[in-house]
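Position in the sequence shown (first residue = 1) + 1025 = my numbering.
One structure is given below, encoded as structure tokens.
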Amino acid sequence: MGLEVEDIEAAFTDLSARGYSFFMPPTDIPDLRIAFFRGPEDIVIELVQRIDAGS
């Protein structure tokens, strides 16, 4: 499952504080910043933030 967020760093901090375990912290790839964690029932969830080329 993938979810688009406006601020991936804030989402990462909030979800980590709530006890969710990220197996890939926020990482830049072309045009995106992505992160993966395990949600309820061990479901893999991807967070995606679109970024400008100049960011």
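Positions of the beta carbon are idealized from the N, C-alpha and C atoms, including for glycine.
Quantities reported herein were computed from a predicted structural model and do not represent experimental measurements.
Excluding the 5 residues preceding and the 5 following residue i in the sequence, name in chain order all residues of the same chain whose CB lies nearer than 7 Å to its CB.
i     : result
M1049 : A1060, F1061
Would residue i be called buried (16 or more neighbouring beta carbons within 10 Å of its own) or exposed?
i     : result
L1072 : buried
I1033 : buried
R1058 : buried
When you compare each of the options to residue i by their alpha carbons, which one comes out closest?
i     : options             : result
Y1045 : Q1074, D1077, V1069 : V1069
I1076 : G1027, E1031, P1065 : E1031
I1054 : E1029, G1027, Q1074 : Q1074
Quick one: what's got a C-beta closer than 8 Å to residue i's C-beta in the same chain, skipping five residues either side?
i     : result
F1037 : F1047, P1050, P1051, A1060, L1072
Using only the alpha-carbon positions, how far apart do residue i and residue j sit?
i     : j     : result
D1067 : D1056 : 28 Å
G1064 : A1035 : 17 Å
Output needed for residue i: all residues of its chain with C-beta closer than 6 Å, excluding positions within five of it in sequence on either side, in chain order.
i     : result
M1026 : I1070
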